[in-house]
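And the structure:
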């Protein structure tokens, strides 16, 4: 990153247009971008119907500057919205960013954020095409992703009794990382890094669409909570098989060190952004996915919208609550 | 607005999903919406290239709850982004909303905000298709508009020497309203209302595109500031004719009462969201627009990017600074 501003410059020092110029220098524009940053609106070429999703990160609630670098926050802010399009079976073409920041925010931090946004977008060939920068007492990053899918988007409402449930990508790692950071530790490094920067399986959403996934959701609030959305929208019951859920070694280590059942990280943890989807049969599940359960009709023991574990209600923490 | 929540319920009482359900009940979906609120992303049918723009309002900086109703804030938040697409010659198809709100925000206020967003979107046939709700200490509303134009979007960079400059819509009214409110008054009512709810000339942008406008911008930061963007992007000088600028009677009244030259409201005021555009000739200017100036080559007296008034630099306030 080069800049004509001194290393200790703040956003106020750079001014609105100086700061915006410093960010946009970091945003490479793909061939799908007809008009990039700098006009009243950007213009983007999207083949077919447009997928759109907005997610917001708030300092102190979704990130802490002492726990993550500016680049990490940028990566995570972009990943959250890109993952939403992934969960429809789509790919992001462009993003816009709304940034609210205190006047004394170091310009270098804001540039780091912009660099992180650009890096994450680059993973799927998308571009940061515009946004808004405004002053406020709380640091807020709002990211909107627009993009497209190579077929009918995969909704939450298509799961059918007899389908299998499958998972792709790391799940529970970020929650384990957060548990560690909350206790003042910085290791195991793998889970702390997972909390800072999700590794989103961006190829898996479009692959699942092509493979005939009947329903799909990204896990941002917790596996139980997000599969609950699928179960409710589809009018079905989802049952998970605990023995099939991947509980990686670092999660076991954090569980042992913190006196937590590591399965809790997997069932209730957010922020990793893996995908979970339902498929008509185990043979339809693409490589790289793990079958973790099945879909059934509602019945006397489980009403539509229920998610059970080994056939019973789960009685631990269900997931992340925003209010 | 009907709701199963008690009249004094807060967002925390309603919970994330209760609050979202209360909002989305207010969002009618147009036939362009393939998938509306409630999935990982919305799906919208946009004919041709996609215009996209994001704007953010922050409480205390862009609005005050004692100066405007929740509906007013919703109207203004949507208008800001819809106006950006208008300034490209386009129309908004759908918007997403990122809302950061304190837990004790009355649910009724948030519903009023949602109603205002829906009303403003309805003016152009667009729909609120999704968003994100999260807790934070400061009230922030981020709106992203996506849409399309019926031809090549009108950029800021196309103004040419010899073009005429024209304006459509009220300009300076919101600034006069803000001047009044800042002094603790509530009249003249017309300017106070203009500050609370801009009346955006949504038909004028697409009409200007069809009429062959060479450059266009919406006036959100001030006429001088926003025409400065056009002058810089186009490499030209813009000269305004003060006698041609409309200074309506309520602006004159506020000027007299506050000891302000009312032309200042017109030259430097923001928040009204009129359009200003350049056209190849006066005969190309559509009905309803007022010719307010002309475009010329840069020269020894005025470099590219300069906006002059009656041939000279203007030495009052230039416009709104975000940092």
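Chains as they are written, first to last, in this note's numbering: chain A, 1 to 323; chain B, 1001 to 1323.
A virtual CB, placed ideally from N, CA and C, is assigned to each residue, including glycine.
Given the structure is predicted, the values throughout are model-derived calculations rather than measurements.
How about residue 33 of chain A and residue 1051 of chain B: are their beta carbons less than 8 Å apart?
For the purposes of this step, residue 33 of chain A is taken as residue 33 along the first chain, with counting starting at 1. For the purposes of this step, residue 1051 of chain B is taken as residue 51 along the second chain, with counting starting at 1. No, the Cβ-Cβ distance between residue 33 of chain A and residue 1051 of chain B is not below 8 Å.
Where residue 68 of chain A sits in the DSSP three-state scheme
Along the first chain, read from residue 1 onward, the residue named residue 68 of chain A stands at position 68. Residue state, collapsed to three classes: coil.
In the DSSP assignment, find the unbroken alpha helix (DSSP H) run with residue 122 of chain A in it and report its ends.
In the first chain, residue 122 of chain A corresponds to position 122, counting from 1. Run containing residue 122 of chain A: 107-122, per the alpha helix (DSSP H) assignment.
Can a CB atom of chain B be found closer than 8 Å to the CB of residue 239 of chain A?
As a working note, residue 239 of chain A is residue 239 in the first chain. So, not an interface residue.
Could you round the C-beta distance between residue 1273 of chain B and residue 1219 of chain B to whole angstroms and report it? I think they count as a contact, below 8 Å.
Position 273 of the second chain, counting from 1, holds the residue named residue 1273 of chain B. Position 219 of the second chain, counting from 1, holds the residue named residue 1219 of chain B. Confirmed, Cβ separation roughly 7 Å.
Roughly how many angstroms separate the alpha carbons of residue 234 of chain A and residue 1245 of chain B, rounded to a whole number?
Indexing the first chain from 1 puts residue 234 of chain A at position 234. Indexing the second chain from 1 puts residue 1245 of chain B at position 245. Their Cα atoms are separated by approximately 59 Å.
DSSP beta-bridge partners for residue 1053 of chain B?
Position 53 of the second chain, counting from 1, holds the residue named residue 1053 of chain B. Residue 1053 of chain B is bridged to B:1145.
Three-way DSSP call (helix, strand, coil) for residue 1020 of chain B in this model:
For the purposes of this step, residue 1020 of chain B is taken as the residue at position 20 of the second chain. Looking at residue 1020 of chain B - three-state DSSP - the assignment turns out to be helix.
Residue 324 of chain A versus residue 48 of chain A - alpha carbon distance
Examination of residue 324 of chain A is not possible in this model, given that chain A is present from 1 through 323 alone.
Residue 1167 of chain B - containing beta strand (DSSP E), residue span:
For this step, residue 1167 of chain B is matched to residue 167 along the second chain. Residue 1167 of chain B -> beta strand (DSSP E) spans 1164-1168.
Could you check which residue in A:237, A:255, A:280 has the C-alpha nearest to that of residue 329 of chain A?
No information on residue 329 of chain A is available, as it lies outside the stretch 1 to 323 that chain A covers here.
Just to confirm my understanding: we take residue 214 of chain A, look at its own chain, exclude 5 residues before and 5 after, and list those with CB closer than 7 Å. What are they?
Start at 1 with the first residue of the first chain, and residue 214 of chain A comes out as number 214. Here the set comprises 158, 159, 160, 163, 278, 279, 280.
Meets three-Cβ-pair contact criterion under 8 Å: the segment 115-130 of chain A and the segment 1117-1126 of chain B
no
With residue 1279 of chain B as the anchor, note down where its beta strand (DSSP E) starts and where it stops.
Locating residue 1279 of chain B in the second chain gives position 279, counting from the first residue. Start and end: 1275-1279.
Report yes if the CB atom of residue 1271 of chain B is closer than 8 Å to the CB atom of residue 1201 of chain B, and no otherwise.
One-based indexing of the second chain puts residue 1271 of chain B at position 271. One-based indexing of the second chain puts residue 1201 of chain B at position 201. No, these two residues do not count as a Cβ contact at 8 Å.
Near residue 1053 of chain B, which residues of its chain fall below 8 Å by C-beta distance, leaving aside the five closest residues on each side in sequence?
Walking along the second chain from the start, residue 1053 of chain B turns up at place 53. Excluding sequence neighbours, residue 1053 of chain B sits near 1081, 1084, 1085, 1144, 1145.
Spatial neighbours of residue 1045 of chain B in its chain, beta-carbon cut-off 7 Å, leaving aside the 5 residues before and after
The count along the second chain starts at 1 and reaches residue 1045 of chain B at position 45. Taken in chain order, the residues that qualify are 1032, 1034.
Cutoff 8 Å: residue 1061 of chain B Cβ touching any chain A Cβ
The residue you call residue 1061 of chain B lines up with position 61 of the second chain. Output row for residue 1061 of chain B: interface = yes.
In terms of DSSP beta bridges, what is residue 1294 of chain B paired with?
Here residue 1294 of chain B corresponds to residue number 294 of the second chain, with the count starting at 1. According to DSSP, which records beta bridges pairwise, residue 1294 of chain B is partnered with B:1164, B:1239.
Leaving out five residues before and five after residue 2 of chain A in sequence, what residues of the same chain have Cβ atoms less than 7 Å from its Cβ?
Counting from one through the first chain, the residue named residue 2 of chain A turns up at place 2. Its pLDDT being 47, under 50, residue 2 of chain A is placed unreliably in this model, and the coordinates cannot settle the point.
Does DSSP put residue 1013 of chain B in a helix, a strand or coil?
The residue you call residue 1013 of chain B lines up with position 13 of the second chain. DSSP places residue 1013 of chain B in helix when its eight states are reduced to three.
So, residue 1056 of chain B versus residue 100 of chain A, is the Cβ gap smaller than 8 Å?
Your numbering for residue 1056 of chain B matches position 56 in the second chain. Your numbering for residue 100 of chain A matches position 100 in the first chain. Yes, Cβ-Cβ distance for residue 1056 of chain B and residue 100 of chain A is below 8 Å.
Inter-stretch contact (C-beta, 8 Å, three-pair minimum) for the segment 125-142 of chain A and the segment 97-113 of chain A:
yes
Chain A partners of residue 1146 of chain B, CB-CB under 8 Å?
Position 146 of the second chain, counting from 1, holds the residue named residue 1146 of chain B. Under the 8 Å cutoff, chain A gives 50, 52, 146.
For the alpha helix (DSSP H) holding residue 1267 of chain B, just list the boundary residues, first then last.
Counted from its first residue, the second chain places residue 1267 of chain B at position 267. Residues 1262-1268.
Alpha-carbon spacing of residue 1150 of chain B relative to residue 1206 of chain B, whole angstroms:
The residue given as residue 1150 of chain B occupies position 150 in the second chain. The residue given as residue 1206 of chain B occupies position 206 in the second chain. So the two alpha carbons sit approximately 7 Å from each other.
8 Å Cβ cutoff met for residue 12 of chain A and residue 110 of chain A:
Position 12 of the first chain, counted from the start, is the residue given in the question as residue 12 of chain A. Position 110 of the first chain, counted from the start, is the residue given in the question as residue 110 of chain A. Their beta carbons are not under 8 Å apart, which means residue 12 of chain A does not touch residue 110 of chain A by this criterion.
Short of 9 Å Cβ to Cβ, which residues in the segment 1114-1136 of chain B face chain A?
1129, 1130, 1131, 1132, 1133, 1134, 1135, 1136
Grab me the residues of residue 1226 of chain B's own chain with a C-beta within less than 8 Å of its C-beta, minus the 5 sequence neighbours each way, in chain order.
For the purposes of this step, residue 1226 of chain B is identified with residue 226 of the second chain, where counting begins at 1. Contacts found: 1217, 1218, 1219, 1220, 1276, 1319.
Tell me, please, whether the CB atom of residue 191 of chain A is closer than 8 Å to any CB atom in chain B?
The residue you call residue 191 of chain A lines up with position 191 of the first chain. Closer than 8 Å: no.
Where residue 242 of chain A and residue 306 of chain A are concerned, what is the direct C-alpha to C-alpha distance, given to the nearest angstrom?
Looking up residue 242 of chain A in the first chain gives position 242. Looking up residue 306 of chain A in the first chain gives position 306. In a straight line, the C-alpha of residue 242 of chain A is about 16 Å away from that of residue 306 of chain A.
Could you give the DSSP three-state label for residue 1254 of chain B: helix, strand or coil?
One-based indexing of the second chain puts residue 1254 of chain B at position 254. Of the three classes helix, strand and coil, the one that applies to residue 1254 of chain B here is helix, per DSSP.
Is any beta-carbon of chain B found at less than 8 Å from that of residue 96 of chain A?
Walking along the first chain from the start, residue 96 of chain A turns up at place 96. Yes, its Cβ sits closer than 8 Å to a Cβ of chain B.
For the beta strand (DSSP E) holding residue 1129 of chain B, just list the boundary residues, first then last.
Here residue 1129 of chain B refers to the residue found at position 129 of the second chain. Note, residue 1129 of chain B: beta strand (DSSP E), 1127-1135.
For residue 1041 of chain B, which residues in the same chain have their Cβ closer than 8 Å to its Cβ, ignoring the five residues on either side in sequence?
Taking the second chain and counting its residues from 1, the one referred to as residue 1041 of chain B is at position 41. Excluding sequence neighbours, residue 1041 of chain B sits near 1035, 1130.
Which one of B:1284, B:1285, B:1263, B:1240 has the shortest CA to CA distance from residue 1293 of chain B?
The sequence position of residue 1293 of chain B within the second chain is 293, counting from 1. It is B:1240 whose Cα lies nearest to the Cα of residue 1293 of chain B.
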